[in-house]
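S.K.: Let me begin by handing over the structure; questions about it come next.
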Amino acid sequence: MYLNRNATVRRTPKGEVAFALALHEQVVAYEEEQGFLRIECATGQGYLEKDALSEIATEKKGILVAIDAGHQKKGNNEKEPLGPGSDELKIKVSSGTQGVVTDIPEYELTLALALKLEKELLFRGYDVLMIRTTHDVNISNAKRAEIANEAGADIFIRIHANGSDDPTDKGVLTMCQTPQNPYNSNLYKQSAALSKDLLDEIASAAGCEKMFVWETDTMTGINWCRIPVSIVEVGFMSCPEEDRLMATDDYRNLLVMGMANGIDRYFNP
Ligand SMILES: [Zn+2]
């Protein structure tokens, strides 16, 4: 059983609070007493309101979503081809931006979001492939695409945050290839649909400004994909207001719900 919301565990039914349970935390439930269930989880045991629990969908969707938390602790300035067979070279993975007020590096924000999205998608019955789960990795943008390709993922979500010289720039933006992309234009339609669904649903869930789907062939991380792909720029770390928001757990949860809703909508238009 998994929890479908934050809840408190009590020492006895209706008794004092023992500890808090997080969203999606796994618990084992035993007998019922006075409308409470005796439960056990990693933190300990106690009594939980019966309606706080919901059964996880036992039926898997059979859909594999690859999630890339953009960037890594140290950028890698070596170069790699912009796309398969290209003479144009781009650096393998940049160090990313950082919060203008919070100083939070982009690679930290993206991994925090990716780990939340993994939990949410598993909860909804998807299978998930995480490109990285720690900061101390060295995986180029092309390699990240190759990992998702080779795993047979159905879609690839690459999570990033934006930066701009104009501190008033804010909102969510998503990216995909153009219909003329020399490497994977065959994936344009699906990638554009995925990018639009993500854009709409993130803006709706987070209540942030909705920018647009930027169609571009300048991204190594898109060009090497052989599966539908979208780069999600969740917000601007250069905007003080948005930087502060993105540092909070509540706002991160909203962004992740939006991403998961966008993925749901892509597969069930
Ligand atoms: Zn980035």
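With the numbering used here, letter number 60 in the sequence shown gets 63, and the count goes up by one each step, no holes. Cβ atoms here follow ideal geometry from the backbone N, Cα and C, with glycine treated the same way.
1) Between Ile70 and Ile160, which are expected to be in contact by the criterion C-beta below 8 Å, what is the C-beta distance as a whole number of angstroms?
2) Assuming Ser233 is part of the beta strand (DSSP E), what are its boundary residues?
3) Quick check: does the Cβ of His74 come within less than 8 Å of any heavy atom belonging to ligand 1?
4) Fully enclosed by the segment 6 to 37, which beta strand (DSSP E) runs are 3 residues long or longer?
5) From the DSSP secondary-structure annotation, give me the bridge partner or partners of Glu218.
6) Say yes only if the C-beta of Thr15 is nearer than 8 Å to one or more non-hydrogen atoms of ligand 1, and no if none qualify.
7) Quick check on Lys63: does DSSP put it in helix, strand or coil?
8) For Ala148 and Gly38, I'd like the C-alpha separation in whole angstroms.
9) Find out if the Cβ-Cβ distance for the pair Leu202, Gly265 is shorter than 9 Å.
10) Whose C-beta lies closer than 7 Å to the C-beta of Val104 among residues of the same chain, with five residues either side of it excluded?
11) Run through DSSP, which three-state label would Leu197 get?
M.R.: With the given structure in hand:
1) 5 Å
2) Val232 to Phe239
3) yes
4) 10 to 13, 20 to 24 and 31 to 36
5) Cys179
6) no
7) coil
8) 49 Å
9) yes
10) Pro243, Asp246 and Arg247
11) helix
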